[in-house]
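Numbering (our numbering), first residue to last: 100 to 201.
Note that CB positions come from ideal geometry on N, CA and C, so glycine has one too.
These notes concern the structure reproduced below.
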């Protein structure tokens, strides 16, 4: 009985090492993409996102319908929170889709 457990452990160890090696190779091959800049209208400190203007909000939504993260959009933390709130409100009243359409 104990011998069966030892064999199973040895078998599992071999698989784990192979998976880790494959993962390390793929992780090193990835490239970082450049940072997008926020549109000029959003850089104004007095600017407010309007949930009733879907064309304005589409600059900050990916092709799949996801909200662009702050590190890519270039917005401040406060602007990103306001943007997220505006996008969610627009989605709620069906001005923006929740997901991408095919």
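task: Return yes when the Cβ of residue 153 is within less than 8 Å of the Cβ of residue 189, no when it is not.
output: Position 90 of the chain shown holds residue 189. Position 54 of the chain shown holds residue 153. Yes.
field: Identified DSSP bridge partners for residue 166
entry: For the purposes of this step, residue 166 is taken as residue 67 along the chain shown, with counting starting at 1. Here residue 166 is bridged, per DSSP, to 160.
task: Taking only heavy atoms of the ligand ATP into account, decide whether any of them is closer than 7 Å to the Cβ of residue 193.
output: No copy of the ligand ATP occurs in the structure displayed, which carries no ligand at all.
- prompt: Taking residue 151 as the reference, which of 186, 170, 172, 164 has the closest Cα?
  reply: Working through the chain shown from its first residue, we reach residue 151 at position 52. Out of 186, 170, 172, 164, 186 has the C-alpha closest to the C-alpha of residue 151.
- prompt: DSSP state of residue 146, grouped into three classes?
  reply: Here residue 146 is taken as the residue at index 47 of the chain shown, counted from 1. Coil.
message: Taking 8 Å as the limit between beta carbons, can you name the residues of its chain near residue 196, skipping five residues before and five after?
response: Position 97 of the chain shown, counting from 1, holds the residue named residue 196. If you ignore the 5 residues before and after residue 196, its C-beta comes within less than 8 Å of the C-beta of 164, 190, all in its own chain and listed in chain order.
task: Take residue 200 as the anchor and find which of 162, 145, 168 has the nearest alpha-carbon.
output: Here residue 200 is taken as the residue at index 101 of the chain shown, counted from 1. Per the Cα distances, 162.
task: With a cut-off of 8 Å on the beta carbons, I'd call residue 146 and residue 182 a contact; round off their distance for me.
output: To locate residue 146, count along the chain shown from 1; it is residue 47. To locate residue 182, count along the chain shown from 1; it is residue 83. The Cβ separation is near 10 Å, so there is no contact.
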